[in-house]
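Report on one structure; see the data block that follows.
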Amino acid sequence: MLIIDDNFSCVWPMEESNRPSVELDLSGEGLVIARRFRSSTLASNRPRITSYDELDFTLDESIVGNTTSIDLNDNCESKARAIAMRFDLIDAAALIFSMCSFVVDMITDIAVAVFHYLNHDWWYFGLTLTFIVIPTIITTSISFRWYLTDEEIDGAPAVSRRQWCVRSLFLILQMGPILRYFESLSYGMQWRKETDPEEKKRIYLRMIFEDSDATMLRLFEAFMESAPQLILQMYILAKNHSYDNDEYWTVVAQLASITTSLISVSWSLVSYSKSLRLTLPSKLPMSYWAITFMFLWELFTIGSRMIALALFTSVYVHHIALVCSLHWAVMFTWIVSMRTSFCNSRLEELGFNAVLAIIFIFCYFNPVDTATRYRYLIFFTFMFVENSALMGLWFQRCDPTQWYRALGLVAHYSLFFAGITLMLVYYRCFHPTGGIKLLYRSDCERANKSDLSK
Numbered sequence: 000m001l002i003i004d005d006n007f008s009c010v011w012p013m014e015e016s017n018r019p020s021v022e023l024d025l026s027g028e029g030l031v032i033a034r035r036f037r038s039s040t041l042a043s044n045r046p047r048i049t050s051y052d053e054l055d056f057t058l059d060e061s062i063v064g065n066t067t068s069i070d071l072n073d074n075c076e077s078k079a080r081a082i083a084m085r086f087d088l089i090d091a092a093a094l095i096f097s098m099c100s101f102v103v104d105m106i107t108d109i110a111v112a113v114f115h116y117l118n119h120d121w122w123y124f125g126l127t128l129t130f131i132v133i134p135t136i137i138t139t140s141i142s143f144r145w146y147l148t149d150e151e152i153d154g155a156p157a158v159s160r161r162q163w164c165v166r167s168l169f170l171i172l173q174m175g176p177i178l179r180y181f182e183s184l185s186y187g188m189q190w191r192k193e194t195d196p197e198e199k200k201r202i203y204l205r206m207i208f209e210d211s212d213a214t215m216l217r218l219f220e221a222f223m224e225s226a227p228q229l230i231l232q233m234y235i236l237a238k239n240h241s242y243d244n245d246e247y248w249t250v251v252a253q254l255a256s257i258t259t260s261l262i263s264v265s266w267s268l269v270s271y272s273k274s275l276r277l278t279l280p281s282k283l284p285m286s287y288w289a290i291t292f293m294f295l296w297e298l299f300t301i302g303s304r305m306i307a308l309a310l311f312t313s314v315y316v317h318h319i320a321l322v323c324s325l326h327w328a329v330m331f332t333w334i335v336s337m338r339t340s341f342c343n344s345r346l347e348e349l350g351f352n353a354v355l356a357i358i359f360i361f362c363y364f365n366p367v368d369t370a371t372r373y374r375y376l377i378f379f380t381f382m383f384v385e386n387s388a389l390m391g392l393w394f395q396r397c398d399p400t401q402w403y404r405a406l407g408l409v410a411h412y413s414l415f416f417a418g419i420t421l422m423l424v425y426y427r428c429f430h431p432t433g434g435i436k437l438l439y440r441s442d443c444e445r446a447n448k449s450d451l452s453k
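Residue numbers (numbering that gives the first Met the number 0): 0 to 453.
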């Protein structure tokens, strides 16, 4: 049975007992979808399908405004609507920026490791290298596993020996996300040139699948490599505040690494949210203004968090592991209480929740497809209190003669409140579903308007 889902570029398969359905003419190259379906079973980034034939597009405009679907979570009726497939030059630029930022971040981190080695700072060299190698091995393994899983999907395009050689080369070089970004970009350019409607549908679907995999891998890499690397280099700069001329380029490399790592972490969240809105039902695509404001909000709030952790570590280096562990435990318990549904088994689900809890050490990441205003309130209140405690303890122990003592305090709170302000502007003015109101007149209105998840 075929089910028309909201805000997504295909018709989704569901069991007959789950959702109402309509018969559609699957011809043409456009897209018609029904208004708002939400499903916890589709909360993960990649749709769980066994055959590409299970997904399709339609241009049967007769159902627009006429066909009624039911949101089973809220028991609200809503009408079908049409959304066009899209891949323009700005979408291409976003993919190119993702590739370039990944490469530059990796190069600056390697450069920092080299300088630490040349300066005989063996401890810093070892930590920097560890935060480069281990995360890339993990993400490469995940990428390889996903390639094998894709091979098992009925109707998946055949992969030649040459393609496998290219994939193997990129995986050996620890550049798995780069290849997936490039494949998504390649599919996007093919889609723009293709004239056959049926082939355009298949190319578009492959494009968003590759993009979703690339953004998920980038998210893992960002919070396993870029985020720890960012804190480490900020800690080293704060700890070793006096440098001679021989270490000038080391400091330059560290500052470059800090900047690129912060950009990578922030962009990974934005690109993931952008991709998620293409691959999940009940999601409208993000505008370019929405992308810009989300990036700035993430950049500022994550920056303030990194400052708090790094400065605290500079004077309480033996206590930072305890702080992060306690924070992780609280976040893990909270995520489990949300009853996420990313994996097929309970053990795998708990493992995935544990990984999400690591992300929660640095920022909020929405794990379930429901309204998030109260979870945002809880998280940022908790984060503000914890960061204030860390900054207070650091300020008390920091040498009063340090030039960055007052600057660190001002920078932390300025970035935090600027980020919160930009987040509110995003939700009020640029959220894909329109301006978000504080209160709703009815449960049905909430079902149609309060999609606060990214």
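Even for Gly, the Cβ is constructed at its ideal location relative to N, Cα and C.
Cut-off 7 Å between Cβ atoms - residues of its own chain near residue i, not counting five sequence neighbours on either side
i    : result
L231 : L126, T127, F130
Y123 : H115, I235
L283 : N6, R276, P431, T432
E193 : K199, I202
Simplified DSSP assignment, three categories, for residue i
i    : result
T135 : helix
V111 : helix
E193 : coil
N118 : coil
L484 : Outside the displayed span of the chain (0 to 453) sits residue 484, for which this structure offers no information.
Y146 : helix
P176 : helix
F86  : coil
Y363 : coil
C323 : helix
Q401 : coil
S159 : coil
Y234 : helix
T432 : coil
N239 : coil
G64  : With a pLDDT of 48 at G64, under the threshold of 50, the modelled position of this residue cannot be trusted, and the question is left open.
T420 : helix
S387 : helix
T332 : helix
R217 : helix
T129 : helix
V316 : coil
Beta-carbon spacing of residue i, residue j below 8 Å
i    : j    : result
G302 : L346 : no
L406 : F311 : no
D212 : W145 : yes
L216 : P176 : yes
L408 : M422 : no
P366 : M223 : no
I419 : F379 : yes
F219 : T138 : yes
F299 : L414 : yes
F361 : L355 : no
F429 : S336 : no
A252 : T371 : no
S100 : T259 : yes
A237 : A309 : yes
F416 : R404 : no
Other residues of its chain near residue i: CB distance less than 6 Å, five sequence neighbours each side excluded
i    : result
V264 : A221, S225, A226, I301
Y186 : I202, R205, M206
R396 : V314
R179 : E209, D212, A213
S142 : G175, L216
Residue i versus the options, residue with shortest Cα-Cα distance
i    : options                : result
R85  : V111, A309, L204       : L204
F381 : L298, R304, E198       : R304
A255 : I306, H317, L275, Q228 : Q228
C323 : A307, T148, T138       : A307
W190 : M206, Y180, F181       : M206
N352 : T135, C362, Y375, W327 : W327
I95  : S183, I137, R338       : S183
W248 : K199, A112, I141       : A112
A320 : I357, M285, N118, T339 : I357
T332 : F359, A252, T139, Y271 : F359
E385 : S140, P399, Y412, M188 : Y412
V316 : M233, E197, E348       : M233
L88  : W121, F181, M188, Y271 : M188
V102 : R160, F181, W163       : F181
Residues near residue i by beta carbon distance below 8 Å, same chain, minus five either side
i    : result
F294 : S265, W266, V269
Y425 : A289, F292, M293, W296
I334 : N352, L355, A356, F359, P366
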